[in-house]
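Below: one structure, written as structure tokens.
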Amino acid sequence: MALYSEKVMDHFRNPRNTGVIENADGVGEVGNAKCGDIMKIYLKIEDDIIEDARFETFGCASAIASSSMATELIKKRPVSEALALTNQAVVEALDGLPAHKVHCSVLAKEAIEKALQDYYGKQDAADCQIQKWRRS
Ligand code: FES
13 MALYSEKVMD
23 HFRNPRNTGV
33 IENADGVGEV
43 GNAKCGDIMK
53 IYLKIEDDII
63 EDARFETFGC
73 ASAIASSSMA
83 TELIKKRPVS
93 EALALTNQAV
103 VEALDGLPAH
113 KVHCSVLAKE
123 AIEKALQDYY
133 GKQDAADCQI
143 QKWRRS
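So the working numbering is basically just the index in the sequence shown, starting at one, shifted up by 12.
In structure tokens, the structure reads:
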């Protein structure tokens, strides 16, 4: 049996959603200290819907396939669904990953979480600014 599923190979060879979103609403970067792979996710969010999700991944085939699939799974979906995305859902959508490569899917989940934290942080900062203007 092949080490990687056809879906993993497809998303590795033809990754979807690569690149940067200028003026992204949320950006999350994570790395794995053991393997040295780095993943950065960019989100464009409007009315609580993820209008666009892109990534830059410096890493292995599974990390690239996981980033590609994870961005596909959250695009045009509500933020709440992106928050609930599990690495297991990414693995299943890829028709599996070898056990020693499951951490690559975890990286994708963590990068999305960080991008959403960034988004909510910016929202909070904007809300604080509005409150200050109202008080002045
Ligand atoms: Fe570490 Fe793939 S080997 S993310």
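C-beta atoms are modelled at their ideal positions from N, C-alpha and C, and glycine is treated no differently.
Counting along the chain, A65 sits inside the beta strand (DSSP E) bounded by residues I61 to F70.
Inclusion of G31 and L128 in the CB contact set at 8 Å is not warranted, their separation being larger than that value.
One alpha carbon belongs to K56, the other to F67, and they sit about 12 Å apart. Relative to the Cα of M51, the nearest Cα in the group K126, T98 and K19 belongs to K126. For L55, the enclosing beta strand (DSSP E) begins and ends at I50 to E58. Look at N29: its beta carbon is at least 7 Å from all of the heavy atoms in the ligand FES. According to the DSSP assignment, E41 belongs to the beta strand (DSSP E) that extends over G38 to G43.
The straight-line gap separating the alpha-carbon atoms of C140 and F24 is approximately 42 Å.
By the criterion of at least three beta-carbon pairs nearer than 8 Å, the region 101 to 108 is not in contact with the region 41 to 50.
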